[in-house]
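Residue numbers (this note's numbering): 13 to 413.
Dropping the structure here:
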């Protein structure tokens with residue numbers, strides 16, 4: 013049931029992605045100003061969810077499956093509300109923004125609760141295998157579901173056809189809710205005492221001041237923020253280039269899922285041979301390649317090609333898929349188990365703050381479709397991330413901090 017939950021949750025998150033699908037839908041309706049704010053608003057909600065998760069998780073004790081079930085149900089309802097608002101063209105911008113905020117909060121709480129559940133029920137090897145398998149299965153299901161609804165696009169209004177993706181996402185989250193309910197309370201592992209967000213923040217600041225490896229880790233987290241945000245940027249560029257083309261969003265969803273599937277196999281092998289540094293450097297290079305392909309596409313005489321946008325999305329998703337795994341591997345090697353979750357959470361909170369500001373800026377830049385200089389800025393940020401990644405560890409030592 014853990015695998016079923018993880019795969020269904022992954023499908024729902026991809027089908028109603030705040031970084032790709034929702035910005036595309038808003039930009040296609042001509043509400044570009046709100047499309048650029050979706051990910052920053054989501055980041056604010058995610059920070060709030062991280063802050064709320066310790067008391068919520070500790071209050072429910074071993075019944076943390078209730079947390080992830082409630083979060084999945086909440087996201088399913090909000091995704092359905094977004095679809096209805098888009099279909100009926102009623103309060104579209106406010107509903108998209110408010111739903112993104114609450115989805116971010118729900119995901120912030122759910123991610124921490126799910127991490128607690130699998131850490132108690134599974135050993136490290138089985139835990140890593142579960143995470144890799146659920147990501148791969150989720151990507152396959154996303155591609156399959158999208159391909160099934162593509163034939164239904166013929167002769168339909170492009171707007172209604174795009175909303176089918178959201179209905180599928182809501183259904184997947186309902187399936188995740190049911191799977192979480194079946195999982196039941198955890199019966200193994202020890203319960204950790206709850207921590208306050210302010211205590212985690214203080215511990216993170218202390219480690220930043222005293223440990224040079226963690227300062228480099230946080231810096232790398234921050235400069236890699238644009239790698240994740242590039243998906244929103246490219247989504248907006250594609251939406252404004254193909255606003256009325258049937259199946260355009262479906263192509264991007266399939267490309268994104270294919271990138272996740274490829275990443276689940278590629279990055280394991282890269283890490284085995286080249287370590288954390290190899291993963292991050294290749295992630296930066298892949299993101300740079302996505303920007304170069306986008307630049308070439310926008311310079312094509314006679315208009316941009318949708319399938320090339322699909323290639324851009326594939327590369328951007330592939331690049332982003334490496335950062336999370338590299339982050340966990342890096343900090344797991346340097347930090348002891350009792351400090352690991354706090355240090356990951358602290359760095360993630362800082363990255364989310366940067367995402368709030370930078371996401372709004374990139375969302376605004378993406379709207380300058382008549383110029384290529386916004387793409388050059390995204391390319392420069394990817395090159396900067398690659399340069400910083402060269403300083404990342406290759407084969408980290410055993411954790412001591």
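Note that beta-carbon positions come from the ideal geometry of N, C-alpha and C, so glycine has one too.
It should be emphasised that the depicted structure is a prediction, and the values quoted were computed from it without experimental measurement.
Under 7 Å Cβ to Cβ from residue i, same chain only, skipping five residues before and after it: list those, please.
i: residue 25; result: none
i: residue 61; result: 116, 117, 118, 119, 120 and 121
i: residue 300; result: 391, 394, 395 and 398
i: residue 49; result: 109, 372 and 375
i: residue 343; result: 229, 352, 355 and 356
i: residue 19; result: 146, 149, 150 and 153
i: residue 47; result: 35, 38, 39, 248 and 375
i: residue 408; result: Bear in mind that the predicted position of residue 408 carries a pLDDT of just 49, short of 50, making it too unreliable to give a figure here.
i: residue 318; result: 254, 257, 260 and 263
i: residue 126; result: 80
Can you give me the Cβ contacts of residue i inside the same chain, cut-off strictly under 6 Å, excluding the 5 residues immediately before and after it?
i: residue 334; result: 279, 291 and 295
i: residue 161; result: 176
i: residue 189; result: 81, 84 and 85
i: residue 233; result: 359 and 363
i: residue 182; result: 88, 91 and 92
i: residue 238; result: 393
i: residue 327; result: 298, 301 and 302
Among residues of its own chain, excluding the 5 on either side of residue i, which ones have a beta-carbon nearer than 8 Å to its beta-carbon?
i: residue 97; result: 103, 104, 107 and 108
i: residue 231; result: 400
Since I believe residue j is in contact with residue i (beta carbons under 8 Å), could you give me their beta-carbon distance rounded to a whole number of angstroms?
i: residue 28; j: residue 91; result: 4 Å
i: residue 329; j: residue 243; result: 7 Å
i: residue 123; j: residue 195; result: Incorrect: roughly 16 Å between the Cβ atoms, too far for contact.
i: residue 128; j: residue 87; result: Contact doesn't hold; Cβ gap of about 19 Å is too wide.
I'd like to know whether the C-beta of residue i is nearer than 8 Å to at least one C-beta of chain D.
i: residue 278; result: Within the model displayed, chain D is absent; a lone protein chain is all it includes.
The segment 257 to 275 / the segment 398 to 408 touching (three or more Cβ pairs under 8 Å): Contact fails between the segment 257 to 275 and the segment 398 to 408, because fewer than three Cβ pairs, one in each stretch, are under 8 Å apart.
Between the segment 95 to 115 and the segment 41 to 57, are three or more C-beta pairs nearer than 8 Å? yes
Three CB pairs or more closer than 8 Å across the segment 280 to 297 and the segment 145 to 165: no
Taking 8 Å as the threshold, find out whether the segment 355 to 370 comes into contact with the segment 22 to 42 through three or more Cβ pairs. no
Taking contact to mean at least 3 C-beta pairs separated by less than 8 Å, is the segment 96 to 107 in contact with the segment 34 to 52? yes
Which ranges would you report for the alpha helix (DSSP H) in the segment 315 to 370 if only whole runs of at least 4 residues count? 318 to 346
Secondary structure, alpha helix (DSSP H): runs of 4+ residues fully inside the segment 15 to 63: 33 to 40 and 44 to 47
At 4 residues or longer, what runs of the alpha helix (DSSP H) sit wholly inside the segment 235 to 266? 237 to 253
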